[in-house]
Amino acid sequence: MSYAETLVQMLGPWSWHVAGLLLLGLEILVPGTFFLWFGVAALIVGTLALFVDMPWQLTLLLFMAIALICLFAGRRLMKGRESGEGDSGLNRRGQRYVGRHFIIDEPIVQGAGRLHVDDTIWRISGPDLPAGARVTVTGVNGASLVVAAAVGD
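Residue numbers (the numbering used here): -14 to 138.
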């Protein structure tokens, strides 16, 4: 009998927990959420084997079935969470203000001014307007918002 077989027989159902923890540790070393699901499946089988006496063949079949279920469930759970998908708007904060209306606190003089939005003071560019004028953000130019007088004013 080999050392591995002796170890598995000695540990009994706990060998599934050891395998699960090793697979989870491997996931840390080689990230990609692949070994994670096999580790979870091994931990589930180990927990079931603690309470239900099963032959090793059945536990192996159970591990394969649970691993497949975990793989597909995990894939479905992680779908759409890849970093390349979606447009987060990160590093383009000004884009969220395009189309919104604001009242300027300071006048726009020679095409430049400042606008207080939420907790940020933005540089703005647009036609000369007095303080208290209502403006619409029409675009973004670098770190500056481009504004125009709001229609109807």
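Beta carbons are placed, not taken as given, at the ideal position from N, Cα and C, and that holds for glycine.
For residue i versus residue j, is the C-beta spacing smaller than 7 Å?
| i | j | result |
| --- | --- | --- |
| T121 | V131 | no |
| I109 | G98 | yes |
In angstroms, rounded to a whole number, what distance separates the CA positions of residue i and residue j?
| i | j | result |
| --- | --- | --- |
| G127 | R78 | 10 Å |
| I13 | W(-1) | 21 Å |
Count the other CB atoms within 10 Å of the CB of residue i; is the residue buried (16 or more) or exposed (fewer)?
| i | result |
| --- | --- |
| L8 | buried |
| W107 | buried |
| Y82 | buried |
| A4 | buried |
| G168 | Coverage of the chain is limited to positions -14 through 138, which leaves residue 168 absent and any answer about it impossible. |
| A27 | buried |
| W41 | exposed |
| V15 | exposed |
Leaving out five residues on either side along the sequence, give the residues of the same chain with a beta carbon under 6 Å from the beta carbon of residue i.
| i | result |
| --- | --- |
| W22 | C55, L56, G59 |
CB-CB under 7 Å to residue i, same chain, minus the five flanking residues each way: which ones, in chain order?
| i | result |
| --- | --- |
| R119 | H86, I88, A135, D138 |
What residues in its chain sit with their C-beta under 8 Å from that of residue i, if we drop five residues either side in the sequence?
| i | result |
| --- | --- |
| M49 | none |
Can you find a C-beta in chain D that's less than 7 Å from the C-beta of residue i?
| i | result |
| --- | --- |
| L100 | Protein chain content of the structure displayed is limited to a single chain, and chain D is not contained in it. |
* To do: Could you name each continuous beta strand (DSSP E) segment of 3 residues or more that falls completely within the stretch 95 to 125, going from the start of the chain to the end?
  => Here the runs fully enclosed are 97 to 102, 105 to 110.
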